[in-house]
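Report on the following structure.
There are 2 protein chains.
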Amino acid sequence: MDFSLGKYYNILESLVSIFTIDQGEVKVLLLRKKSEPYRGYWILPGGIVSNDETIEMNMIDSIEAKLGLKDVYLEQCHIFSNLDRDPDDRIIAISYIGLIDNVSALFKRDDRDDIQTAWFKIGDIPKMAYDHARILKKNIEFLRKKIVSSNVLKSLFPSDFTLPELQKAYEQILNVTMDRRNFRKKFITLGLIEDTGDKNVGGNGRPAKLYSFKDEIKERNLF
Amino acid sequence: MDFSLGKYYNILESLVSIFTIDQGEVKVLLLRKKSEPYRGYWILPGGIVSNDETIEMNMIDSIEAKLGLKDVYLEQCHIFSNLDRDPDDRIIAISYIGLIDNVSALFKRDDRDDIQTAWFKIGDIPKMAYDHARILKKNIEFLRKKIVSSNVLKSLFPSDFTLPELQKAYEQILNVTMDRRNFRKKFITLGLIEDTGDKNVGGNGRPAKLYSFKDEIKERNLF
DNA sequence: CCCCTTTGTGTTCAAAGTACACAGATAATT
DNA sequence: AATTATCTGTGTACTTTGAACACAAAGGGG
Chain A
29 MDFSLGKYYN ILESLVSIFT IDQGEVKVLL LRKKSEPYRG YWILPGGIVS NDETIEMNMI
89 DSIEAKLGLK DVYLEQCHIF SNLDRDPDDR IIAISYIGLI DNVSALFKRD DRDDIQTAWF
149 KIGDIPKMAY DHARILKKNI EFLRKKIVSS NVLKSLFPSD FTLPELQKAY EQILNVTMDR
209 RNFRKKFITL GLIEDTGDKN VGGNGRPAKL YSFKDEIKER NLF
Chain B
29 MDFSLGKYYN ILESLVSIFT IDQGEVKVLL LRKKSEPYRG YWILPGGIVS NDETIEMNMI
89 DSIEAKLGLK DVYLEQCHIF SNLDRDPDDR IIAISYIGLI DNVSALFKRD DRDDIQTAWF
149 KIGDIPKMAY DHARILKKNI EFLRKKIVSS NVLKSLFPSD FTLPELQKAY EQILNVTMDR
209 RNFRKKFITL GLIEDTGDKN VGGNGRPAKL YSFKDEIKER NLF
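From first to last, the protein sequence lines stand for chains A and B. Numbered as in our numbering, the first sequence ends at 251 without a single skipped number. Numbered as in our numbering, the second sequence ends at 251 without a single skipped number.
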């Protein structure tokens, strides 16, 4: 194959939907475009992939450089190669989901002149540029499948958490309501979490027990 | 972003694991390398993606041009961007699974001088070039997840089929054995298939009833 | 001390999954 | 024509899992 032909040169961008839990709400991190086209619209963070790095490396570097975030749990989601997804250039997008706990999320860099960021509730997404709304939708759909077939939400709750917190996360992402007793029974009988012995103090009402995930993230049907 | 910089030019290849049922066996279509490096080793079919086509278009065209196969059911699986996956060039691979029924598979083009193909049982894969063994493994893993969460095997059995045939396909892909009565009950009570009224004649033993899938392919937990 | 809020807990019923054995239909054999 | 070999079709009891459901306990605030 003769790669000197320009037709085989493709531009690739990585795009990521980074989710976290902020005060009980599942949120996704978006960037605001400050220049045309789509000025003022929101986009998914990402970067252009160089040919001397893996897509994962690019993703990790982009997230750290632009957002200051480290240790984001990443999973590949989907590739979008429609010819019309950017009016100016032909760019292939590789989308990821990213999960980060609320403590690590605090280390997000302050907005620079050229970068404005915000966390949005996943049920309340603003106007997005290009086809990013579609990509985000696909990513949320992917996350939905993921949380019922693995304990991936460990990434949102790495340290101690309460069962109501975990349940709320599931409910928001799956867009359902669940019975507290059945939810609790599920997680405990599956042996996925363990009681730390501590309690959550300071909140309203009876203090909740604190749990932590026992195992590493792996595939396993939960629901 | 200044795309005139060469570092943003990436080479992309599409690679596909095409599965079919051949005399009750689940098989995958491989190509034999006729030149160095890896001469004599086997590879997944695919093509280099141009910047004026989608990856899906490239996949479909490659399959038809090199193999003569049409109407292969395709699903995106995974991207491999390791820097060391090809010793000579930096090529990013986008892998697909493809499903084709045994009748359509018969229209596979005869081997040309430069292309030698063969169907291999998925439990009996030959020596493969580059990282294609790893990619194929991932694709089979993907297929495994897919057949328990959707009726995607409809693509292997588009017209009439018998329940033992379908069961054998599941058993081979999942690498398990199942109870005939429970398997039958499952598919019938799920309402996924319907009795055509015909019977399979000519085989050994009691003729099996012929069924066909009622619905289009869609997500739905089966097992 | 009482009220408000939120968490923790057990049982009953329904549904789905699992295990299991024998009779029916055809082709091949005698 | 009868027998045998091979493969398919079928129902039931048991176990496990999922779903529905209400009240007591712990803490904070007035």
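Every residue gets a Cβ at the ideal spot worked out from N, C-alpha and C, and that includes glycine.
Beta strand (DSSP E) segments (min. 3 residues) lying fully within the segment 119 to 153 of chain B
119 to 127, 144 to 149
Whose Cβ in chain A lies nearer than 9 Å to the Cβ of B:LYS94?
Indexing the second sequence from 1 puts residue 94 of chain B at position 66. Simply none; closest approach about 13 Å.
Do you know how far the Cα of A:LYS165 is from the Cα of A:GLY225?
Position 197 of the first sequence, counting from 1, holds the residue named residue 225 of chain A. Position 137 of the first sequence, counting from 1, holds the residue named residue 165 of chain A. When rounded, the distance between both Cα atoms is 39 Å.
Taking the alpha carbon of B:ILE168 as the reference point, which residue from B:ILE125, B:TYR158, B:PRO192, B:ARG140 has its own alpha carbon closest?
Counting from 1 along the second sequence, the entry for residue 168 of chain B is found at position 140. Measuring from the Cα of B:ILE168, the nearest candidate turns out to be B:ILE125.
Counting contacts by CB-CB distance shorter than 7 Å, is A:ARG118 in contact with chain B?
Along the first sequence, one-based indexing puts residue 118 of chain A at 90. Closer than 7 Å to some Cβ of chain B, the Cβ of A:ARG118 qualifies, so yes.
Let me confirm a value: A:LEU134 is counted as buried when at least 16 other C-beta atoms fall within 10 Å, else exposed. Which label applies?
Here residue 134 of chain A is taken as the residue at index 106 of the first sequence, counted from 1. Under this definition A:LEU134 is an exposed residue.
Can you pull the chain A residues whose beta carbon is under 8 Å from the beta carbon of B:HIS106, in chain order?
Against the second sequence, residue 106 of chain B aligns to sequence position 78. Simply GLN104.
Determine the direct distance from the alpha carbon of A:ARG209 to that of B:SER338, and round the result to whole angstroms.
Limits of chain B in this structure are 29 at one end and 251 at the other, which puts residue 338 of chain B out of reach.
Which residues share a DSSP beta bridge with B:THR190?
On the second sequence, position 162 is the one that residue 190 of chain B refers to. Per DSSP, none; premise fails for B:THR190.
Unbroken alpha helix (DSSP H) runs of length 4 or more, entirely within the segment 192 to 225 of chain A: which are they?
Here the runs fully enclosed are 208 to 218.
Bridge partners - B:VAL229, DSSP secondary structure assignment
In the second sequence, residue 229 of chain B corresponds to position 201, counting from 1. DSSP, once it has assigned bridges, lists no residue as partnering B:VAL229.
State the CB to CB distance for the pair B:PHE251 and B:VAL180, rounded to an integer number of angstroms; the pair is presumed to be in contact (CB under 8 Å).
Taking the second sequence and counting its residues from 1, one reaches residue 251 of chain B at position 223. Taking the second sequence and counting its residues from 1, one reaches residue 180 of chain B at position 152. About 13 Å separates the CB atoms of B:PHE251 and B:VAL180; that is not less than 8 Å, and the two are not in contact.
Name, in chain order, the residues that DSSP records as bridge partners for B:LEU58.
Locating residue 58 of chain B in the second sequence gives position 30, where the first residue counts as 1. Paired residue(s): B:ALA146.
Just grab the DSSP bridge partners of B:SER45 for me.
Translated into the one-based positions of the second sequence, residue 45 of chain B becomes position 17. B:ILE125, per the DSSP bridge assignment.
For A:ASP142, count the other beta carbons within 10 Å of its own beta carbon; 16 or more makes it buried, fewer makes it exposed. Which is it?
Sequence index remark: in the first sequence, residue 142 of chain A carries index 114 (1-based). When all chains shown are included, A:ASP142 counts as exposed.
Roughly how far, in whole angstroms, is the beta-carbon of B:PHE47 from the beta-carbon of B:LEU127, given that I think they are within contact range, below 8 Å?
Taking the second sequence and counting its residues from 1, one reaches residue 47 of chain B at position 19. Taking the second sequence and counting its residues from 1, one reaches residue 127 of chain B at position 99. Right, their Cβ atoms sit about 5 Å apart.
When the cut-off is 7 Å and only beta carbons count, does B:TYR37 lie next to chain A?
As a first step, residue 37 of chain B is located in the second sequence; it is residue number 9 there, counting from the start. It does; some Cβ of chain A falls within 7 Å.
Three or more beta-carbon pairs under 8 Å between the segment 60 to 74 of chain A and the segment 62 to 69 of chain B, yes or no?
no
Can you look up B:TYR158 in the DSSP assignment and give me helix, strand or coil?
Reading the second sequence from its first residue, position 130 is the one you call residue 158 of chain B. Residue state, collapsed to three classes: coil.
Can you name the residues of chain B whose CB is closer than 9 Å to the CB of A:VAL77?
Indexing the first sequence from 1 puts residue 77 of chain A at position 49. What A:VAL77 touches in chain B: TYR36, ASN38, SER109, ILE120.
Chain-ordered neighbours of B:THR82 on chain A, where CB pairs are closer than 7 Å
The residue you call residue 82 of chain B lines up with position 54 of the second sequence. Per Cβ cutoff of 7 Å: SER109, ASN110, LEU111.
Taking the straight line between their C-alpha atoms, what separation do you get for B:TRP70 and A:PHE31?
Taking the first residue of the second sequence as 1, we reach residue 70 of chain B at position 42. Taking the first residue of the first sequence as 1, we reach residue 31 of chain A at position 3. Whole-angstrom Cα-Cα distance: 22 Å.
Closer than 7 Å by beta-carbon distance: list the chain B residues that pair up with A:PHE31, in chain order.
Indexing the first sequence from 1 puts residue 31 of chain A at position 3. Going along chain B in sequence order, the residues near A:PHE31 (Cβ under 7 Å) are ILE39, ASP117.
I need the boundaries of the beta strand (DSSP E) containing A:SER240, first residue and last residue.
By one-based count along the first sequence, residue 240 of chain A stands at place 212. Where A:SER240 is concerned, the enclosing beta strand (DSSP E) stretches over 237 to 241.
Quick test of the definition: if touching needs 3 or more C-beta pairs under 8 Å, does the segment 80 to 96 of chain A touch the segment 36 to 44 of chain B?
no
Below 8 Å on the Cβ atoms is my guess for A:ASP129 versus A:PHE185; work out the distance and round it to an integer in Å.
Residue mapping note: residue 129 of chain A aligns to position 101 of the first sequence, counting from 1. Residue mapping note: residue 185 of chain A aligns to position 157 of the first sequence, counting from 1. Correct: roughly 7 Å between the Cβ atoms.
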